[in-house]
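**Student:** Take a look at the following structure, please.
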Amino acid sequence: MTVKKKVPFVTFRTRVRDDSIEGPNPYRWKDRTSDDYFSGKRIILFSLPGAFTPTCSTLQLPDFEMLYDEFVKEGIDAIYCVSVNDAFVMNAWGKALGLQKVQLIPDGSGEFTRKMGMLVAKDNLGFGMRSWRYAAVINNGVVEQCFEENGFCDNCEADPYGVSSPQNVLETLRAAKAVTAA
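Mapping to full-length UniProt numbering: the sequence shown position 72 is 72, numbers consecutive.
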């Protein structure tokens with residue numbers, strides 16, 4: 001991922017709640033674009049290999065949710081989690097974790113992840129093509145800072161986690177703010 005690079009323009013196929021739809025699945029399709037998510041705001045985007053997977057579900061996503069208000073204090077308008085999973089899986093995952101603040105972005109076909117240069121094969125785990133784990137500060141659609149885990153490669157034997165942790169991203173934002181204030 002390249003700093004000062006504009007995020008790719010893609011259309012994300014999402015599902016949104018619609019109270020006019022009866023039954024157990026009151027959702028409809030809604031297309032949202034990169035501009036809808038990234039234009040005119042400073043956000044944290046983080047990506048991970050998959051919904052419901054151990055590190056993603058027990059550490060990374062819950063910790064971004066828990067630290068959300070701390071990120072807002074550092075000038076962040078929103079936090080998004082993107083994964084190469086479809087809208088149904090992402091909605092179920094958000095519901096299972098009780099998310100209130102972090103928004104999930106389904107990248108079912110992996111188009112956004114591929115155009116970000118972060119698509120890797122995870123065939124060794126039976127996942128197929130997925131995202132490498134990373135986080136980024138994106139300001140008005142342009143990558144301001146990136147936090148990419150080490151070892152980027154197809155079929156990586158390890159699942160590195162630390163560089164893209166919310167704690168590391170938050171510490172980096174705070175340090176940059178302190179330097180600017182000095």
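Even for Gly, the Cβ is constructed at its ideal location relative to N, Cα and C.
Residues in its own chain within less than 7 Å of C56 by CB, not counting five upstream and five downstream?
**Tutor:** For C56, where only same-chain residues beyond five positions count, the Cβ hits under 7 Å are L48, P49, G50.
**Student:** State yes or no: is the C-beta of residue 185 within less than 9 Å of the C-beta of R130?
**Tutor:** The structure shown does not extend to residue 185, since the chain spans only 1 to 182, so no value can be given for it.
**Student:** Just to confirm my understanding: we take Q145, look at its own chain, exclude 5 residues before and 5 after, and list those with CB closer than 6 Å. What are they?
**Tutor:** V137
**Student:** Output yes if chain C places a C-beta closer than 9 Å to the C-beta of S57; else output no.
**Tutor:** In the structure shown, chain C cannot be found, because there is only a single protein chain.
**Student:** Ordered along the chain, which non-local residues of its own chain (more than five positions away) have a Cβ less than 7 Å from that of F52?
**Tutor:** W93
**Student:** Output the boundary residues of the alpha helix (DSSP H) element that contains L61.
**Tutor:** 61 to 66
**Student:** Among the residues of its own chain, which have a CB less than 7 Å from the CB of Y37, if the five just before and after it don't count?
**Tutor:** Contacts found: Y80, I105.
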